[in-house]
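Taking it in order: structure first as C-alpha cells, then the write-up.
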Amino acid sequence: MRKIIFYRTTSGKSPIEDFLDQLPAKSAQKVAWVLQLVEDLDRVPSKYFKKLVNTQELWEFRASAGSNIFGLLDFSTVKKLWSWHMAFKKRPRKHLKERLKLPKKEKRNISGGK
C-alpha cells in the first residue's frame, strides 16, 4: 500500500488540486479512481503507473477519460510515499521535455538546491 500526497508550494497551493478542480466531473472521477489503484495495489499495471525512461526516479501516473489522457509526475524515491508535483493533459510527445523541466526545478527547491 502506498500513500499519495500532493505537492504544495511554499504559499500552500497545490498544482495537482488546482488541475483536478478544473477537470470535468467524469474526468476527475477517473483520475481519482486510478489514484486509488496506485495507492491500493502492490503491482499497478504500467498502463497507469510507470517510471519514465531515461530519467532518475521520475514516475508518471496516467488516467484516460474518453479521448483525453491525463498525467501526473512524481520524483519520489520513497517506495511507499508518492508526492505528485505536476498534472497535465497529455499532448504529443514533443512537449514532454518542456513539462519535465518544472518537476526537476521543484525537486531542487525541495532538496535544498541539489
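Just so we're aligned, residue 1111 is where the sequence shown starts under our numbering, counting upward by one.
Even for Gly, the Cβ is constructed at its ideal location relative to N, Cα and C.
Taking the alpha carbon of residue i as the reference point, which residue from the options has its own alpha carbon closest?
| i | options | result |
| --- | --- | --- |
| residue 1184 | 1177, 1161, 1140, 1175 | 1161 |
| residue 1197 | 1113, 1112, 1133 | 1133 |
| residue 1146 | 1166, 1179, 1171, 1165 | 1171 |
| residue 1180 | 1165, 1142, 1119, 1123 | 1142 |
According to DSSP, what are the bridge partners of residue i?
| i | result |
| --- | --- |
| residue 1184 | 1169 |
| residue 1178 | 1175 |
| residue 1199 | 1180 |
On the criterion of 16 or more Cβ atoms from any shown chain inside 10 Å, does residue i qualify as buried, or is it exposed?
| i | result |
| --- | --- |
| residue 1182 | buried |
| residue 1125 | buried |
| residue 1135 | exposed |
Beta-carbon within less than 6 Å of residue i's beta-carbon, same chain only, minus the 5 sequence neighbours each way: which residues are those?
| i | result |
| --- | --- |
| residue 1140 | 1173, 1175 |
| residue 1149 | 1112, 1114 |
| residue 1129 | 1197 |
| residue 1144 | 1158, 1173 |
Look up residue i in the DSSP assignment and say whether it is helix, strand or coil.
| i | result |
| --- | --- |
| residue 1157 | coil |
| residue 1136 | helix |
| residue 1117 | coil |
| residue 1163 | coil |
| residue 1150 | helix |
For residue i, which residues from the same chain have a beta carbon less than 7 Å from its beta carbon, with the 5 sequence-adjacent residues on both sides left out?
| i | result |
| --- | --- |
| residue 1127 | 1116 |
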